[in-house]
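J.: The sequence shown: position 109 = 114 (my numbering), numbered continuously.
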Amino acid sequence: MKLKMNQKSQQHKNPLKHPEQRVGVFIDVQNMYYSAKNLFGKKVNFGNIVQEAVAGRKLIRAIAYVVRTETQEEQPFFEALYNLGIETREKDLQIFSSGNKKADWDVGLTVDAIRLAPSLDAIVIVSGDGDYVPLVEYLQKSSGKQVEVVAFGETTSGWLIESADDFVDLSLDQAKFTIPDRTAAKKRQAGESTNSK
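(1) Determine, using beta-carbon pairs with one atom in the region 23-31 and one in the region 125-135, whether at least three such pairs fall under 8 Å.
(2) From L44 to D117, what distance separates their C-alpha atoms?
(3) Between the region 180-187 and the region 46-62, are three or more C-beta pairs nearer than 8 Å?
(4) Please determine, among L140, E142, Q151, S132, the residue with the shortest C-alpha to C-alpha distance to K174.
(5) Would F182 pass as a contact of I68 if the rule is Cβ separation under 8 Å?
(6) Secondary structure at Q26, three-state DSSP: helix, strand or coil?
(7) Just how far apart, CA to CA, sit F72 and Q35?
(8) If you draw a straight line from the C-alpha of M10 to the C-alpha of P20, how long is it?
(9) Within a Cβ cutoff of 6 Å, which residues of the same chain sit near A58, ignoring the five residues on either side of it in sequence?
(10) Between which two residues does the alpha helix (DSSP H) carrying I166 extend?
(11) Spatial neighbours of S168 within its chain, please: C-beta separation below 7 Å, excluding the five flanking residues on both sides.
(12) Based on DSSP bridge pairs, tell me the residues matched to P185.
What follows is the structure in structure tokens.
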């Protein structure tokens, strides 16, 4: 059996990765979406991210945690995830009487990772949210699992990076892990043509 190291990780702890490892990928879509949007003005290429996270190993499950709005405008995105072989867990956006909105998947992702851990050798959390540090530590100490984090370095909690067995910084290859946001580009062009008149 041939073993290989992840050379993309920033010389973090470089755990062994081999083709026989069973991998689960858990994607915090909101965290990734806003990271790519705020850092680069782009969208996330989830297909390439899952491929990077799996790293030639056996993918058991890839689950994306998404938020559904009343308009259902995100439905084509959900279908695109499905076509990539990524399961979706959907939650409705909560709108409070104060006007505040909330859609938090931290607990759902955590429960799924713990529930599926017995059938996995490596658990990959695709998020930079430091709220996942207790999950990482629990999976490592209680289950002896290899826990990896994949996210954009600039928006990833330092504690999360330190607690993970491996960290892959997607910002090191922005072209591979992001795609242009055509909607934002169209809005910018419309604004520029209006301003030039």
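Idealized CB from N, CA, C, for every residue including glycine.
Just so we're clear, the structure is a prediction, and the values are computed from it rather than from any experiment.
T.: Looking at the coordinates:
(1) Yes: the two stretches touch, three or more of their Cβ pairs being nearer than 8 Å.
(2) Along the sequence shown, read from residue 1 onward, the residue named residue 44 stands at position 39. Along the sequence shown, read from residue 1 onward, the residue named residue 117 stands at position 112. Distance between the alpha carbons of L44 and D117: 29 Å.
(3) Enough Cβ pairs lie closer than 8 Å, so yes.
(4) Reading the sequence shown from its first residue, position 169 is the one you call residue 174. Note that residue 174 is Asp in the sequence shown, not Lys. When each option's Cα is compared against that of D174, the closest is S132.
(5) Working through the sequence shown from its first residue, we reach residue 182 at position 177. Working through the sequence shown from its first residue, we reach residue 68 at position 63. Result no, Cβ atoms of F182 and I68 do not sit closer than 8 Å.
(6) In the sequence shown, residue 26 corresponds to position 21, counting from 1. Correct three-state label for Q26: coil.
(7) Residue 72 sits at position 67 when you count from the first residue of the sequence shown. Residue 35 sits at position 30 when you count from the first residue of the sequence shown. Checking the displayed sequence, the identity of residue 72 turns out to be Val instead of Phe. So the two alpha carbons sit approximately 8 Å from each other.
(8) As a first step, residue 10 must be located in the sequence shown, where it is residue number 5. As a first step, residue 20 must be located in the sequence shown, where it is residue number 15. Because M10 carries a pLDDT of 40, less than 50, the predicted location of this residue cannot be relied on, and no value is offered for it.
(9) To locate residue 58, count along the sequence shown from 1; it is residue 53. V30, V129, V155.
(10) On the sequence shown, residue 166 is found 161 positions in, with the first residue counted as 1. Boundaries of the alpha helix (DSSP H) around I166: 163-168.
(11) Indexing the sequence shown from 1 puts residue 168 at position 163. For S168, the CB contacts under 7 Å within the same chain, skipping 5 residues up- and downstream, are V138, V141, E142 in chain order.
(12) The count along the sequence shown starts at 1 and reaches residue 185 at position 180. Checking the DSSP bridge columns, you'll see P185 partnered with K47.
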